[in-house]
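Numbering (full-length UniProt numbering), first residue to last: 1 to 175.
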């Protein structure tokens with residue numbers, strides 16, 4: 001399929017509205033725009049960095065109480081409904097990449113990765129609510145920062161890699 005034909009499938013909202021991804025001719029399952037997911041990862045990377053800086057500089061502000069529920073909601077909505085319309089970071093990431101070339105990837109590895117991201121968000125929030133030592137919180141936040149950086153900057157999704165190793169996924173192979 002020619003690139004200009006494939007570009008027509010790059011839309012802001014999926015059809016139907018709550019579909020997990022886009023239906024691409026020639027592909028048996030739904031696909032998701034990797035460019036938008038990388039933009040979303042970059043936004044979440046900045047959020048994790050800002051959270052760590054605030055925890056260091058102004059710990060009394062306790063950003064985890066606000067950021068944790070946001071990340072959990074964002075990850076769960078993306079895992080259930082895809083990047084649009086219910087994932088706030090997914091909406092912004094998709095909007096930011098509307099004029100760039102879409103790279104279509106399978107949705108199942110991303111769904112798996114986002115489910116793991118929600119678990120990490122729950123872990124952060126639980127550590128804060130249980131008043132665990134900050135070193136544990138920084139460890140999880142550091143891992144979140146590293147994972148989102150790997151996806152945003154290098155295009156390497158650790159959750160997708162884990163999915164491919166655990167469940168097998170030929171289209172998930174690294175480029």
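C-beta: ideal position from N, C-alpha, C; glycine also.
1. Are the beta-carbon atoms of residue 152 and residue 33 separated by less than 7 Å?
2. Which word fits residue 95, buried or exposed, when buried means at least 16 other C-beta atoms lie within 10 angstroms of its C-beta?
3. Could you tell me the boundaries of the beta strand (DSSP E) in which residue 106 lies?
4. Between the segment 35 to 55 and the segment 85 to 93, can you find at least three pairs of beta-carbon atoms closer than 8 Å?
5. In whole angstroms, what separates the C-alpha of residue 53 from that of residue 141?
6. So does the segment 12 to 30 actually touch the segment 67 to 76, counting three or more Cβ pairs closer than 8 Å?
7. Per DSSP, residue 31 is paired with what?
8. Let me know the secondary structure DSSP gives residue 83 once reduced to three states.
9. Which term fits residue 23, buried or exposed, when burial requires 16 or more other beta carbons within 10 angstroms of its beta carbon?
10. Would you mind reading off the limits of the alpha helix (DSSP H) that contains residue 158?
11. Alpha carbon to alpha carbon, what distance is there between residue 78 and residue 115?
12. Using the Cα positions of residue 149 and residue 49, report the straight-line distance between them to the nearest angstrom.
Working from what's here:
1. Residue 152 is not a Cβ neighbour of residue 33, given a cutoff of 7 Å.
2. exposed
3. 104 to 106
4. yes
5. 11 Å
6. no
7. 22 and 106.
8. coil
9. exposed
10. 158 to 167
11. 9 Å
12. In a straight line, the C-alpha of residue 149 is about 10 Å away from that of residue 49.
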